[in-house]
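*Asks:*
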Amino acid sequence: MRRSGKINFLAQGDKYRIYILFVVIFGFMSIFAPKFFSVFNFTTILNAIAMNATVAIGFTVVMICGQLDLSIGTVITFAGCLTLGLQPLLGFPGSIAVAVLGGALVGFLNGILVAKAKINSFIVTLGTMTILQGAIYQYSGGNSISVTTDEAFAISDFLQVSLLPLLTPRILITLILVVAVEFMLRRTRAGRNFYIVGGNRNTAWLAGINTDRYLIGAFVLSSVMAAIGGVVSVLVSTAATLKLGEISLMYVISATIIGGTAMSGGKGGVLRSVIAILSLEMLYTGIILFGLGNEVKIFFAGLILAYVVLYEAYATYRHEKNLGQRPELMKELATRLSTKEKKLLGSRGA
Amino acid sequence: MSDNRGPAPDGATDGAATAQADTRSVKTGSLSSLVNTAGVYGIALLFLVLGAVLQFTGAIGNFLSPQNLLNIVDAVALVGIVAVGMSFVTYSGNYADMSVPTTMGLTGYICIELLRYGFIPAIIGAIGVSLLIGVLNGFVVGKFKANPIIWTLAVNYVTMGIIRLVWVNKQIYPDMKGSSPDVVALFDAIYRLRFFKLIGLPLVILILLVVIGQFVLTKTSFGVKLKLTGSAPKAAKLSGIPIETVIMTSFVLAAFTAAIAGLAVTSLSRVGAWYNGAGYDFKAVTAIVIGGMTLAGGRGTILGVLGGSLIIGILNNIMTLIGIGTFSQDMVRGAIFILVVGINAKSLRSLGRDDA
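Line by line, the protein sequences give chains A and B.
Throughout the first sequence, residue numbering follows this note's numbering, covering 1 to 350 in sequence.
Throughout the second sequence, residue numbering follows this note's numbering, covering 1001 to 1356 in sequence.
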């Protein structure tokens, strides 16, 4: 039932806010930022987001389940280090497999601890994050790992070959993963179940859904996606620095929330998160193109995260405050009432 | 009907089980909490004995030497100071303050910058700025109920951005900023001052903080409000407790002790760097959890947190002496953290109480 046209329009605006934001940032940067509007720059931006976009896929699913995964940043670095560190021993197929499986194992551990031991997800992942951080430094000895064989360079070149304008194999991998997971979430029963588990775990259980299995699945997906992001990233750069995934967490969390995935769970989508990542990256690229430094970029990224968390919290706060009240009814009354009565209503904050 | 959906989540059980949960709940008096706190110190003592045994078997040298014991105490002092403040946040049911690392870093920068105006203004200015961060954290988490971990993490990034923006990625040194040598000497003394050539100033501060903290938590009306806010925020709000103010105060306390620790660390390293406080957030949370304070809030003691810091300190020292690197120590700490939280959550649930 439609209550009034205006509210409906606002609700629609909120639903599509990320697409609107995308168009606004794109338009602004195209007009004002020097050298922004070029195929070369767009390819650079798409390459730059390839890793974080892949990571955001899994992170969004975890957040749809109403959980958080703080370990993604270290999983990226972990998988990157394993890929290049084990390459001399196992060759690329072997080392990539070990890296992705290692990621899956971390996710499985997170999931078991959250679902079975019933510990808060951000406490668990804070712990695994610290463990992994130690493991990474222990393994690499604090140095970055690089592989400088012809094979590595060939793979790196291949991943950056331009198949079509704006489309390199690296971007294609991300695109395929996004489409696959988005399809899974929207069209399959398993995908819908993630939303039900996130929306209300008890209801989901009473409806006959194995909630634990979905929680574990979400964490495994998150870590595997983070591992794939790390693997592809180091394959392109042929070097794994220990700072690879350092601030990915910040980018991915803010993008996922901006994309409209609720921290309380049960709402959101992978494509929206990726569009948000793209919008943010355009913003950061614009900052760099305006001639501002990397520090400004980090500062802005932090500020944006703080803003979206605050906005989200404030929206929930307003929602809870207005719960049980009917602002549209009060407004309608206000149009009919005399000015004296309006004043009375106004003092009650209608 | 339901064969493969796994065990029921909390709250999805039927009425009979809920009634059962009531009978299972056990009253904990002051005696049992004393035993719990004593247990923490018992574990600390166990680790001391372990160190001694390892020394006698020849695995490690010099564990019991006065110098080494002093090292342990010094290390405990810094972690302990952060942990005591942060435990108020944990006690209020808001898990942890992740903005501690850069708060510590920023404190160092501000203090070194202000040293040219004298020692006291520098300290006051530095602590003042960190209190602002605490107020901000407390306001957003208390008033709007933002997820405390994510919000303080965001503040951590913003503060890091501010430091790296304002000081252009540079470290600063106390003697470079045109401040008088006397003032610099005073600043250096923050960490190095020793009473009777033994007890460092940070340790004295820690003991003071523990005594005051324990008093505030158990004997004052604020402590009672905090306990109710931590264990049942809705009930607290309905009974007229200003939970926004209570939560804000707890975050301000955390920022205050982080500032003190930040000053001590900066004085120790004689350099202001944005990574000065790196790792202290997690060390402090681990100490708090090991010390018997549950992450669900409203349970635990400051004395226990001191014991937790002690355990962390002794464990680190033994691991260093055995030759386990700093990074492997991170792994051990992380594993212990998860283990303790897991056991804690499980035991609380088996008592029929809420989950941590």
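Cβ coordinates follow ideal geometry from the N, Cα and C atoms, glycine included.
Do you know offhand how far A:G260's Cα is from A:K267's?
*Replies:* If you take the alpha carbons of A:G260 and A:K267, they lie about 8 Å apart.
*Asks:* In terms of residue numbering, what span does the alpha helix (DSSP H) encompassing A:E246 cover?
*Replies:* That residue, A:E246, is in no alpha helix (DSSP H); it is neither H nor E in DSSP.
*Asks:* Would a C-beta distance cut-off of 9 Å place B:I1312 and B:I1260 closer than the cut-off?
*Replies:* No. Outside cutoff.
*Asks:* What's the gap between the Cα of A:A99 and the Cα of A:G91?
*Replies:* Going by the C-alpha atoms only, they are around 12 Å apart.
*Asks:* So with CB distances below 8 Å, who are the chain B contacts of A:M263?
*Replies:* Here the neighbours are N1147 and I1150.
*Asks:* Show which residues of chain B have a CB atom less than 7 Å away from the CB atom of A:Y361.
*Replies:* Chain A is shown only over 1 to 350; residue 361 of chain A falls outside these bounds and no answer can be derived.
*Asks:* Anyone know if the C-beta pair for B:S1309 and B:G1080 falls short of 9 Å?
*Replies:* A contact, by the Cβ cut-off of 9 Å.
*Asks:* Please classify A:S95 as buried or exposed, where buried requires at least 16 other C-beta atoms within 10 Å of its C-beta.
*Replies:* Buried, by the Cβ-count rule.
*Asks:* Are the C-beta atoms of B:R1349 and some chain A residue less than 9 Å apart?
*Replies:* Yes, because at least one Cβ of chain A sits closer than 9 Å to the Cβ of B:R1349.
*Asks:* Can you tell which of A:I258, A:L283 and A:G198 has its C-alpha closest to the C-alpha of A:K15?
*Replies:* When only C-alpha atoms are compared, the closest one is A:I258.
*Asks:* Going by Cα to Cα distance, which pick from B:D1097, B:Y1157 and B:P1066 is closest to A:E295?
*Replies:* Answer by Cα proximity: B:Y1157.
*Asks:* Taking the CB atoms as reference points, tell me whether B:G1085 and B:L1209 lie closer together than 9 Å.
*Replies:* Contact: yes.
*Asks:* Report the rounded CA-to-CA distance for B:G1298 versus B:L1226, giving the unit in angstroms.
*Replies:* Going from the Cα of B:G1298 to the Cα of B:L1226 covers about 7 Å.
*Asks:* Tell me the residue span of the alpha helix (DSSP H) that contains B:C1111.
*Replies:* Unbroken alpha helix (DSSP H) run through B:C1111: V1100 to L1114.
*Asks:* Residues in the region 1217-1234 of chain B with C-beta within 8 Å of chain A's C-beta atoms, listed in sequence order?
*Replies:* For the region 1217-1234 of chain B, which is checked against every Cβ of chain A, not one residue is closer than 8 Å.
*Asks:* State the Cα-Cα distance for the pair B:A1052 and B:I1314, rounded to the nearest angstrom.
*Replies:* The straight-line gap from Cα to Cα measures roughly 11 Å.
*Asks:* If we require 4 or more residues per run, which alpha helix (DSSP H) segments fall completely within the region 247-300 of chain A?
*Replies:* 248-258 and 270-289, all fully within the region 247-300 of chain A.
*Asks:* What's the gap between the Cα of A:V224 and the Cα of A:Y251?
*Replies:* Cα to Cα, the separation comes out at about 18 Å.
*Asks:* Are three or more beta carbon pairs between the region 186-195 of chain A and the region 25-43 of chain A nearer than 8 Å?
*Replies:* Result no; under three Cβ-Cβ pairs closer than 8 Å.
*Asks:* Check whether the region 1111-1121 of chain B touches the region 1144-1153 of chain B, taking contact to mean three or more Cβ pairs, one atom from each stretch, closer than 8 Å.
*Replies:* Cβ pair count under 8 Å is below three, so no.
*Asks:* The alpha helix (DSSP H) that contains A:G111, what's its start and end?
*Replies:* Where A:G111 is concerned, the enclosing alpha helix (DSSP H) stretches over Q87 to A115.
*Asks:* Can you give me the C-alpha to C-alpha distance between B:V1252 and B:D1188, rounded to a whole angstrom?
*Replies:* Their backbone Cα atoms lie some 26 Å apart in a straight line.
*Asks:* For a test of your reading of the model: does the CB of A:A117 fall under 8 Å from any non-hydrogen atom of the ligand SAM? Yes or no.
*Replies:* Here there are no bound small molecules, and the ligand SAM is not part of this structure.
*Asks:* DSSP three-state label for A:S121, please.
*Replies:* Helix.
*Asks:* Is the region 1327-1341 of chain B close to the region 1091-1111 of chain B, with three or more CB pairs under 8 Å?
*Replies:* No, they do not touch.
*Asks:* Counting only C-beta atoms, is B:R1333 closer than 9 Å to chain A at any point?
*Replies:* Chain A, which has a Cβ nearer than 9 Å to the Cβ of B:R1333, makes this yes.
*Asks:* Please report the straight-line C-alpha distance between B:L1042 and B:G1291, rounded to a whole angstrom.
*Replies:* Note on residue identity: the sequence assigns Gly, not Leu, to residue 1042 of chain B. Cα-Cα distance, rounded: 11 Å.
*Asks:* Going along chain A in order, which residues have a C-beta closer than 7 Å to the C-beta of B:V1155?
*Replies:* Correct list: A306.
*Asks:* Using three-state DSSP, classify A:R189 as helix, strand or coil.
*Replies:* Helix at A:R189.
*Asks:* Any residues in the region 249-261 of chain A with a beta carbon nearer than 9 Å to a beta carbon of chain B? Which ones, in chain order?
*Replies:* Cβ contacts with chain B come from L249, M250, I253, S254 and I257.
*Asks:* What does B:I1338 reach in chain A if we use C-beta pairs closer than 7 Å?
*Replies:* Those are L113, V124 and G127, listed as they occur along chain A.
*Asks:* If you follow the alpha helix (DSSP H) that B:T1229 is part of, which residue opens it and which one closes it?
*Replies:* That run of the alpha helix (DSSP H) goes S1221 to S1231.
*Asks:* Select from the region 1164-1193 of chain B all residues with a C-beta closer than 8 Å to any C-beta belonging to chain A, and list them in chain order.
*Replies:* Within the region 1164-1193 of chain B, the residues whose Cβ lies closer than 8 Å to some Cβ of chain A are R1164, L1165, V1168 and N1169, listed in chain order.
*Asks:* Got a sec? Which residues, its chain only, sit under 8 Å from B:N1071 by beta carbon, not counting five neighbours each side?
*Replies:* The answer, listed in chain order, is N1317.
*Asks:* Whose C-beta lies closer than 8 Å to the C-beta of A:T211 among residues of the same chain, with five residues either side of it excluded?
*Replies:* Here the set comprises A115, V197, R201, A204 and W205.
*Asks:* At a CB distance below 8 Å, what residues from the region 301-329 of chain A approach chain B? Give them in sequence order.
*Replies:* Against chain B - using a Cβ distance shorter than 8 Å - the residues of the region 301-329 of chain A are A301, G302, L303, L305, A306, V309, L310, E312, A313, Y314, T316 and Y317.
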